[in-house]
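Protein chains in written order, with the numbering used here: chain A, 1 to 364; chain B, 1 to 262; chain C, 1 to 302. Virtual Cβ for every residue (Gly too), placed ideally from N, Cα, C. Below is one structure, written out as structure tokens; comments come after it.
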Amino acid sequence: MSSSDPLIRVDSVRKRFGGVTAVDDLSLDIGHGEFFALLGPSGCGKTTLMRMIAGFETPDEGRILLDGEDIAATPPHRRPVNMMFQSYALFPHMNVERNIAFGLERERMPRADIAARVDEMLRLTQLEPLRRRRPDQLSGGQRQRVALARALAKRPRLLLLDEPLAALDRKLREETQFELMEIRRGLGMSFMLVTHDQNEAMAMADRIAVMREGRIEQMGPAREVYRMPATRWAAGFIGEINLFEAIALRDASAGQACDMRLRDAPEAAPISLTCDAPLRAGQEVAVAVRPENLALRRGAPGAACLRGDVVELAFRGDTTLARVRLPSGFVARANAPGAGGESLTRGEAVCLSFDVAAARVLAS
Amino acid sequence: MTRGRGFFRWSVLVAGFVFLYAPIALLVIYSFNASRLVTVWGGFSPRWYIALLDDRQMVDAAFISLRVAFVSALFATALGTCAAIALARLGSFRGRALFAAMVMAPLVMPEVIMGLSLLLLFVALDAPRGFWTIVLAHATMGMCFVAVVVRERLEGVDRSIEEAAMDLGASPAQALLRVTLPIAMPSILAGYVLAFTLSLDDFVIASFTSGPGSTTLPMRVYSQARLGVSPEINAISTVMIGFVAALLCVHALARASRRARD
Amino acid sequence: MISHRAWSERLVLIAPYAWLAVLFLAPFAIVIKISLSQSALALPPYTPVFDWRAGPDAWIAGVREFSFAAYASLAEDALYLDSYLSSLRLAATATVLTLLVAYPMAYAMARAPARWRPVLVTLAIAPFWTSFLIRVYAWIAILKDEGLLNHALIALGLIAEPLHVFGTDWAVQIGIVYSYLPFMLLPLYNAIARQDASLVEAAADLGAGPVAQFWKITFPLSLGGVLAGALLVFIPAVGEFVIPDLLGGSDTLMIGHTMWTEFFDNRDWPTASAATVVLLALLLPPLALYDRSRRRATEQPT
Numbered sequence: 001m002s003s004s005d006p007l008i009r010v011d012s013v014r015k016r017f018g019g020v021t022a023v024d025d026l027s028l029d030i031g032h033g034e035f036f037a038l039l040g041p042s043g044c045g046k047t048t049l050m051r052m053i054a055g056f057e058t059p060d061e062g063r064i065l066l067d068g069e070d071i072a073a074t075p076p077h078r079r080p081v082n083m084m085f086q087s088y089a090l091f092p093h094m095n096v097e098r099n100i101a102f103g104l105e106r107e108r109m110p111r112a113d114i115a116a117r118v119d120e121m122l123r124l125t126q127l128e129p130l131r132r133r134r135p136d137q138l139s140g141g142q143r144q145r146v147a148l149a150r151a152l153a154k155r156p157r158l159l160l161l162d163e164p165l166a167a168l169d170r171k172l173r174e175e176t177q178f179e180l181m182e183i184r185r186g187l188g189m190s191f192m193l194v195t196h197d198q199n200e201a202m203a204m205a206d207r208i209a210v211m212r213e214g215r216i217e218q219m220g221p222a223r224e225v226y227r228m229p230a231t232r233w234a235a236g237f238i239g240e241i242n243l244f245e246a247i248a249l250r251d252a253s254a255g256q257a258c259d260m261r262l263r264d265a266p267e268a269a270p271i272s273l274t275c276d277a278p279l280r281a282g283q284e285v286a287v288a289v290r291p292e293n294l295a296l297r298r299g300a301p302g303a304a305c306l307r308g309d310v311v312e313l314a315f316r317g318d319t320t321l322a323r324v325r326l327p328s329g330f331v332a333r334a335n336a337p338g339a340g341g342e343s344l345t346r347g348e349a350v351c352l353s354f355d356v357a358a359a360r361v362l363a364s
Numbered sequence: 001m002t003r004g005r006g007f008f009r010w011s012v013l014v015a016g017f018v019f020l021y022a023p024i025a026l027l028v029i030y031s032f033n034a035s036r037l038v039t040v041w042g043g044f045s046p047r048w049y050i051a052l053l054d055d056r057q058m059v060d061a062a063f064i065s066l067r068v069a070f071v072s073a074l075f076a077t078a079l080g081t082c083a084a085i086a087l088a089r090l091g092s093f094r095g096r097a098l099f100a101a102m103v104m105a106p107l108v109m110p111e112v113i114m115g116l117s118l119l120l121l122f123v124a125l126d127a128p129r130g131f132w133t134i135v136l137a138h139a140t141m142g143m144c145f146v147a148v149v150v151r152e153r154l155e156g157v158d159r160s161i162e163e164a165a166m167d168l169g170a171s172p173a174q175a176l177l178r179v180t181l182p183i184a185m186p187s188i189l190a191g192y193v194l195a196f197t198l199s200l201d202d203f204v205i206a207s208f209t210s211g212p213g214s215t216t217l218p219m220r221v222y223s224q225a226r227l228g229v230s231p232e233i234n235a236i237s238t239v240m241i242g243f244v245a246a247l248l249c250v251h252a253l254a255r256a257s258r259r260a261r262d
Numbered sequence: 001m002i003s004h005r006a007w008s009e010r011l012v013l014i015a016p017y018a019w020l021a022v023l024f025l026a027p028f029a030i031v032i033k034i035s036l037s038q039s040a041l042a043l044p045p046y047t048p049v050f051d052w053r054a055g056p057d058a059w060i061a062g063v064r065e066f067s068f069a070a071y072a073s074l075a076e077d078a079l080y081l082d083s084y085l086s087s088l089r090l091a092a093t094a095t096v097l098t099l100l101v102a103y104p105m106a107y108a109m110a111r112a113p114a115r116w117r118p119v120l121v122t123l124a125i126a127p128f129w130t131s132f133l134i135r136v137y138a139w140i141a142i143l144k145d146e147g148l149l150n151h152a153l154i155a156l157g158l159i160a161e162p163l164h165v166f167g168t169d170w171a172v173q174i175g176i177v178y179s180y181l182p183f184m185l186l187p188l189y190n191a192i193a194r195q196d197a198s199l200v201e202a203a204a205d206l207g208a209g210p211v212a213q214f215w216k217i218t219f220p221l222s223l224g225g226v227l228a229g230a231l232l233v234f235i236p237a238v239g240e241f242v243i244p245d246l247l248g249g250s251d252t253l254m255i256g257h258t259m260w261t262e263f264f265d266n267r268d269w270p271t272a273s274a275a276t277v278v279l280l281a282l283l284l285p286p287l288a289l290y291d292r293s294r295r296r297a298t299e300q301p302t
């Protein structure tokens, strides 16, 4: 092991089930102490990838390295990787304490050490008063904490979290998110989260891999993935976004500013945006803008803006979401801050504009 | 309207359960009949039970049946539990469909077919027929019932618990011993009780597979019942019913107290 | 995990598999083999067709000696044909009767207050734990000409002459209905109790009356249970021995009984074996159907 090795390296891994390719030539690294999230819709292969890291599935091709060593031949019970199951998979015939101690007993840890570690885990997850309860005597949130404590007790190099919050109600979910982050900071171990919930991934992870059909669509720090989606699909999957059709007015190489005209603002002056990929003149692209970055003003004819009519208004407390139909028929979504949104009415003509810094050009 | 339907449902239930239990109740009642006539009540008397104790053959047969049931149920429980784990937990394997069919078939297969085919096997193998051939036959029948009971329990339990055990460092064998078996234990015990009573009650398969000197209680009862109804048969039947009922009560109580203890 | 299994998993699989192969599958092969032998006055009472230890040449010679005499005697003997037909008829009628008795009961059980249901289910299963033989025997005292039923009916003035039920096919059918009722009750109960109660409410909300609610919603959704229950009664009833022997008369023909007589009294093992093979062949379609319905109910797609 050299210090430059990542904790986990997934190297060109492929896995098929029957005729379906669940994971397709996928590579990624997880660093020491990193909170990594695999984000994708159900069936995208994220669970299969996680199960391969845990050892429950074997890759058809490619390697999985832990600290630089191939762990293909290591069965699940010898891997320094623990998993928190989506169903929690608590042992129904053991109480909370015994569930948490199970993995430590398998290591033949001395009794006193086991007791100390179990106590520590119970404290960490605030389960001390429930230590003698059985899983069927616990609430969903309590069960979730037992599953977490059980998986953490062995101090794994990497903790795998399979949709850890899916079974919790909304309020509890948010609280638990913070708890999870706090616990990880305290222990300093690596976490890998598998989820279909982009908010969950955004809130907790340092880095996110967005998966689609067995491949990684985009990978990067959480903020970057949100602010700078790489493809239309990734943009649409993560959060709400408006994709305005536009046409490049001249050739541009990657990283260069490029003038383009929005289809819904033909008379307005062209806008200039930086793009990642080279563009040709006349190429159709999408300009992606998050609803919160769309400014909405009344009427204001003549201004450089996208004109449209308000078709629907949804009051959301701090903001009002307006759906605005543009001349092409495209319905854009814009968030108007509380005070501005409340006076809007349906059918009203409005004008949408955005700061080019908050917009992104998507060629694919 | 609703009240009328409720009344209809309860009368159906009462009539149905009377149909199910009246014959057994009558049999038990008439075992205490002082009269030898089985359809005329001649006053209460335990005389037929006392007569039973003197019936050497009946008592011997009862002990043979108990021994057969005890041993065959052990085999049936071990094999049936294995079969249930294989079907509920091992996913797909070669020959699974055949295996599943073989595990389920004895539940519906007419007993004469099973009895005859097992007898012909024992003859072909030149195995002396007696205690052990009945045990083997009953174990084969019983394991299927045990498998059904245990499998139902296992299928009600989250499939990932064994994976969780392995993830936490248990080898497959440890996961089996420390997680799967303890979880299935109540159903394994219930399976044992079921296999025991099935063996104790079986007449057809035992008739085919028994040999001289290994006549079981139901075989003895049958040979007398063919001659017509007699109060002695009522008495021995009542004893058998009472024994099984007691067994079930002990099982249920043990289960309840274990649950209360946890 | 998929390619290689741990030794514990192998053991769990191989032990019951091997046991069933030897004590369930192999016996059928032997039955088929003996059905192809000639009957003989000996012990065992047949001439072995071939000795499986003798090697391939002797096997081929043995195959040449296969005798279909037993099957021929089956075909010639009207007793067998009648037994098969009568068994199928009696079992089918009794299955329908059992369904008619069990359905209202299962329905009432499934719609009973929730706290009663476990008790009712236990009550429905409990008779299964008492000896089959004893339960059939109990009906002799009830059905006989001078039995409890006739006593009661005459005492109530409902009939003047005792009903002659004992020793007829009716008694056999009553015996089958009674003995196999729990097997029908359970699948029906499960099929009805599993239904979402709001389905019937939705039907009522959409204008279906009680009759339509039952025939359009509850009954169609319980058909899986009807099929499973019917097969659980029909298949073993076809081969029933104890019920026709104790409750039927001399003119009651059931194949299980005929086989038994052939085997134990006439000691004609080849013919009894041939009769078993034919019975098994008759039961294969319903057995396959049962296997399929069971698999649909229990096996998850893997």
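- Under the 10 Å beta carbon count, W19 of chain C is surrounded by 16 or more other beta carbons and is classified as buried.
- M259 of chain C and L198 of chain B have their C-alpha atoms roughly 23 Å apart.
- The alpha-carbon separation between L13 of chain B and P113 of chain C amounts to approximately 13 Å.
- Leaving aside the five residues that flank E128 of chain A on each side, the residues in its chain whose CB is nearer than 7 Å to its CB run, in chain order, L122.
- Assignment of G236 of chain A by DSSP, reduced to helix, strand and coil, places it in the helix class.
- Cβ contact annotation for A208 of chain C (same chain, cutoff 7 Å, sequence separation greater than five): K216, in chain order.
- Here F263 of chain C is not near L232 of chain C, since their CB atoms are 8 Å or more apart.
- The three-state reading of DSSP puts E312 of chain A in strand, counting E and B together.
- Within the region 160-181 of chain B, S160, I161, E162, E163, A164, A165, M166, D167, L168, G169, A170, S171, P172, Q174, A175, R178, V179 place their CB atoms closer than 9 Å to a CB of chain A, listed in sequence order.
- For N190 of chain C, the enclosing alpha helix (DSSP H) has its first and last residue at 169-193.
- Closer than 9 Å at the C-beta level to chain B, one finds these residues of the region 239-265 of chain C: G239, E240, F241, V242, D245, L246, I255, G256, H257, M259, W260, F263, F264.
- For chain B, none of the residues of the region 195-217 of chain C brings a beta carbon within less than 7 Å of one of its beta carbons.
- Under the Cβ criterion of 8 Å, M121 of chain A is not counted among the residues facing chain B.
- If only complete runs of 4 or more residues are kept, the region 134-189 of chain B shows the alpha helix (DSSP H) at 161-167, 172-175, in order along the chain.
- Nearest in C-alpha terms to I255 of chain C, of all of C:G229, C:R267, C:L282, is C:L282.
- A distance below 7 Å between beta-carbons, with the five flanking residues on each side excluded, links T195 of chain A to the following residues of its chain, in chain order: A37, L39, E163, A201.
- For chain A, none of the residues of the region 99-121 of chain B brings a beta carbon within less than 8 Å of one of its beta carbons.
- Assignment of beta-bridge partners to I134 of chain C by DSSP yields no partner.
- The beta carbon of Q173 of chain C is closer than 8 Å to those of L90, T93, A94, L97 in its chain, skipping five residues each way along the sequence.
- The beta carbon of I183 of chain B falls within 8 Å of a beta carbon belonging to chain A, placing the residue at that interface.
- In terms of CA proximity to L121 of chain B, C:I30 leads the group C:A197, C:I30, C:L247.
- In this structure, I8 of chain A lies near L66 of chain A, with their beta-carbon atoms less than 8 Å apart.
- Neighbours of P23 of chain B across chain C, judged by C-beta separation under 8 Å: R135, A138, W139, I142, Y178.
- Linking S210 of chain B to V150 of chain B through their CA atoms gives a straight-line distance of about 29 Å.
- Under the DSSP assignment, F244 of chain A falls in the beta strand (DSSP E) whose first and last residues are 242-248.
- Nearest Cα to E245 of chain A within the set A:N199, A:T21, A:V361, A:R98: A:V361.
- Taking one beta carbon from each stretch, the region 184-194 of chain C and the region 99-118 of chain C have 3 or more pairs nearer than 8 Å; the two touch.
- Taking 8 Å as the CB threshold, V157 of chain B lines the interface with chain A.
- Every alpha helix (DSSP H) stretch that sits fully inside the region 198-230 of chain A and reaches 4 residues is listed by chain position as 198-204, 222-227.
- From the beta-carbon of V278 of chain C, no residue of chain B is found nearer than 9 Å; the closest lies around 11 Å away.
- At the C-beta level, P221 of chain A and R207 of chain A come within 8 Å of one another.
- With a beta-carbon spacing of about 24 Å, G239 of chain A and L26 of chain A fall beyond the 8 Å limit used to define contacts.
- DSSP places E284 of chain A inside the beta strand (DSSP E), whose first and last residues are 284-289.
- Residue nearest to R267 of chain C within the set B:I233, B:T238, B:F208 is B:F208 (criterion: CA-CA distance).
- In summary, the residues of the region 32-61 of chain A whose CB is separated from some CB of chain B by less than 9 Å are R51, A54, G55, F56, in the order they occur in the chain.
- Contact between V210 of chain A and F237 of chain A holds, with the beta-carbon distance rounding to 6 Å and staying under 8 Å.
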